[in-house]
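Below is one structure, written out as structure tokens, with a few remarks after it.
Residue numbers (the numbering used here): 55 to 513.
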């Protein structure tokens, strides 16, 4: 008998997949803009489609926000002997706006910010422009020599307001456009001069599956039917029910039931029918598969950003005391961050060259997630404890790890025999019964003004 029809898990999945597949197989066509004598160039994946997936996928939304913050919210350096403190201060003061712009880039494949001037006509700040209001417009107009040329503009389009046309800061324009607002644009690469595919597109199937699974859970909770089974008890004294009546009775009784095991008692007038107890299991048999699919989808999203779970404060993995797995994962993540920072650093360098007359290389510092000092020092101690390095080598390495201890008093005197010896678990190597001529300990005694140390062995 059929008690409950499970919600359709694949409906929302195929809606999302169809939306994305359509724009990948047939990218958004450039729309003529007859009113402005130009062509509107849209991003590959519409912003609304991206938002529909990102806002419903907790892991994806957190990964985008965290990755952008790790990329941008750090120290800025300019590799030059000149003093560019004012330029570094500009970018550090505008980090939040730049971070929001990078979040747009990771989410939609592009991001824009308005360049704002102060009363002295100097660049004062940048203000992130919501990506859902932006697009690129291509126009053909005469250049300063009167010859027809093609120009590209960023256009902000807000309902109920006049369109705002802006120059792109990395392109050149005729003097007739000097009064236009300027836009700092991030986007473009192998496929287009202005747009990229969103960074999460490679794991789209898993993103959409995650959305569908969350909707499934929400629908089950809304239906109020989390019953794992029905305990049917049949006994006298009413007429027995046929299968159809039993189905209807079950559905009626289960409407107001919450979770757990639902108990249904039926009676019959026939005294010859003995007491009968039957358990009907109605839990979904594919629950294990769906749980594994959900975990797999979350892992694929994290893998797209090469982000360790611990970065999102998810601590569900265990590792041995001597394991460096977490450190290794963070190092891989740091490499991914550094690679993602390079195009951004290039754009900032162009910006600096145009507005601040600084063409030197820009570096955004990658955050340090793991302090390697503990790992290095412990490795050094382990090597010394197993007799693989001398005491002098161990001390020298420790001082390089903790330079705050490296002072005049910490100078290693290799004339001191103790620094050139190896130890195994605290015991000097190669010594059996020491003699006055061969013992390292007597050599040390000679070094410290022939101190009498025979008492050490007599104790």
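The beta carbon of each residue, even a glycine, is placed where N, CA and C say it ideally should be.
Residue pairing by DSSP places residue 481 opposite 478 in a beta bridge. Looking from the CA of residue 183, the closest CA among 192, 166, 453 belongs to 166. Scanning its chain for C-beta atoms nearer than 7 angstroms, with the 5 sequence neighbours on each side dropped, one finds around residue 148 the residues 179, 180, in chain order. Beta-bridge pairing by DSSP links residue 204 to 194. When the beta-carbon positions are compared, residue 248 and residue 95 come within less than 8 angstroms of each other. Judged by DSSP secondary structure, residue 405 falls within the alpha helix (DSSP H) whose first and last residues are 379 to 409. Its Cα nearest to that of residue 421, the residue 365 stands out among 365, 450, 440. A distance of 8 angstroms or more separates the beta carbons of residue 478 and residue 451. Sequence-distant partners of residue 126 (beyond 5 residues in either direction) whose C-beta falls short of 8 angstroms from its own C-beta, in its chain, are 149, 152, 153, 156, 398, 418.
Per the coordinates, the alpha-carbon of residue 241 lies some 19 angstroms from the alpha-carbon of residue 193. Where residue 235 is concerned, the enclosing beta strand (DSSP E) starts and stops at 235 to 241. Annotation: residue 414 to residue 139 spans about 13 angstroms, alpha carbon to alpha carbon. Distance from the CA atom of residue 363 to the CA atom of residue 369, rounded to whole angstroms, is 7 angstroms. A Cβ-Cβ contact shorter than 8 angstroms links residue 391 with residue 124. Here residue 225 has 205, 206 as same chain residues with Cβ atoms under 8 angstroms from its own Cβ, once five neighbours each way along the sequence are excluded. If you look at residue 416, you'll find it in the beta strand (DSSP E) that goes 416 to 418. If you draw a 10 Å sphere on the C-beta of residue 386, you find fewer than 16 other C-beta atoms in it, and that means exposed. Closest in alpha carbon position to residue 457, among 427, 233, 476, 120, is 427.
Taking every protein chain shown into account, the CB of residue 98 has 16 or more other CB atoms within 10 angstroms, so this residue is buried.
The DSSP assignment places complete beta strand (DSSP E) segments of no fewer than 3 residues inside the segment 117 to 142 at 130 to 132, in order along the chain.
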